[in-house]
Structures are given as C-alpha cells and as structure tokens.
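My numbering numbers the first residue of the sequence shown as 10 and each following residue consecutively. Think of the CB as a built atom: it goes at the ideal place given N, C-alpha and C, for glycine as much as any other residue.
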Amino acid sequence: MIVLHYTGMPDCQGALDRLTSPEAKVSAHYCIDEDGTVYHLVDEERRAWHAGKSYWRGTRDVNSASIGIEIVNPGHEFGYRHFPDEQIAALIPLVAQIKDRHGIGRGNVVGHSDIAPCRKDDPGELFPWEALAKRRLALPSPTRNLIDPFWSDAAFHLALERFGYDVSDPLKATIAFQRRFRPDRIDGIVDGECRAKLLALLLPRPMGEP
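Structure, rendered in structure tokens:
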C-alpha cells in the first residue's frame, strides 16, 4: 500500500532532520516539500518506520507492506493549511510510479488517518484526494446515484471494517471515514450520506478498476 502523511512540523528542514535522525526512530520513503521538491530518503525495498501502530484490510504490520510519503504541511498543531499546487503536482507522478512498480490498487492508497484512526488525522480534511482520484491513483468519494441502505450504526461499522478500517473505536473510525470521503462535515455521526458513500465503495467496480 501507499500511505500519505503530513509532516506536522513547522518547516521542511525540521521534518527532514527528524526523518533522518536515528534517535527519532521514525522514517519515510519520500518527503515532498511545499515547493514540489521530492526527497528520496529510504529505498522502496527497505522498511521505513512511518505507520506506527496501524491496520488496513487485515494487515497489522503496515510498515512491512507499504511505501510512506511525508508531505510537508504544519498540520493541525502548527497551522494546518491547503497543500500548494506545486506540491501536489510533484506527488501525483510519484504515486503513479510507485503504484505501477508495486501493483498497488487504488483502494490501498490511503492516509495515515485511515490506517490509524484512533491516533492520527493526517493528511487531513484539506488534502485534495480528488486530484489523485481523477487520475485513478486513489478511490474517489462517491457522489452519483447514491442509495442509503439504512443500516444501523452497528451494521455501518461492520461494513466499515469490511472496507478496511480498524473499528475498535467506532466513533474514531467513522470520523476517519468522513475525513477521507466526506471532509466537509466531520462529526462522527453515521447519517444517510455516510451510509450511501460506504455502500457505493463496497459495491463491485467494473473490470480493470482495482
């Protein structure tokens, strides 16, 4: 899988210092500055320490099964802001290349909050997932022909687990889903829109659409 993060630090140099410090015990394969500069920090064949305690679609040791990309952004702690166009323009071909090299499906291009909903909220609600989705590099947020299945909250959380999330904390899992697929309203409430979007994501896609 590919896991997208924000650095959550005031600037790029601070993030690079931390990502390359043996004492920090944290690393990622790539880091992308706000001006679009891409830093290759760890070979893709090697394990990087970016995911922490996490889970996605049955995988608990996500570090062993993923490429981590840190995207420079102060994050919610230091003044969260939109990601510059130059940064996303550099991210798109990088994700495309990694995805092709490793045969990664769109459903396994995820945010840190997707794989660790109890701990993380990056890359956050301002991340432009649609820029990746329209290039078939990530799953789009369903918007057409939505049908509310009228699941109970418990049934919604079971479906969310089937989709890939850790639902040990149902509220935080719901918030992570909303942050990714309904970022304009992140309230943790399971409503008809959330149910309909999740149902659409679970439905089989046409052949050739991993």
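Checklist line | For L13, the first and last residue of its enclosing beta strand (DSSP E) | finding: I11 to Y15
Margin query: What does the Cβ neighbour count give for N154, buried or exposed, with the cut at 16 atoms within 10 Å?
Written below: exposed
Margin query: Buried or exposed for K181, going by 16 or more other Cβ atoms inside 10 Å?
Written below: buried
Check: Okay, do the segment 50-64 and the segment 82-98 touch, 3+ Cβ pairs below 8 Å being the bar?
Finding: no
Item checked: Any alpha helix (DSSP H) of 4 or more consecutive residues that is wholly inside the segment 151-200 -> 162-172 and 179-190
Next item on the list: Count the other C-beta atoms from every protein chain shown that fall within 10 angstroms of the C-beta of E79, then say buried if there are 16 or more, exposed otherwise.
Entry: buried
Notebook entry, point to check: Between which two residues does the alpha helix (DSSP H) harbouring V104 extend?
Noted result: D94 to H111
Note to self: Does C127 come out as helix, strand or coil in the three-state DSSP assignment?
What the structure shows: coil
Check: When we look at the beta-carbon of I156 and count the other beta-carbons within 10 Å, is it buried (16 or more) or exposed?
Finding: exposed
Margin query: In this structure, how does DSSP classify G116 when only helix, strand and coil are distinguished?
Written below: helix
Notebook entry, point to check: In or out: P44 buried (at least 16 other Cβ within 10 Å) or exposed?
Noted result: In the sequence on display, residue 44 carries Asp and not Pro. Its Cβ having fewer than 16 others within 10 Å, D44 is exposed.
Check: G84 lies in the alpha helix (DSSP H); which residues open and close that run?
Finding: G84 to F87
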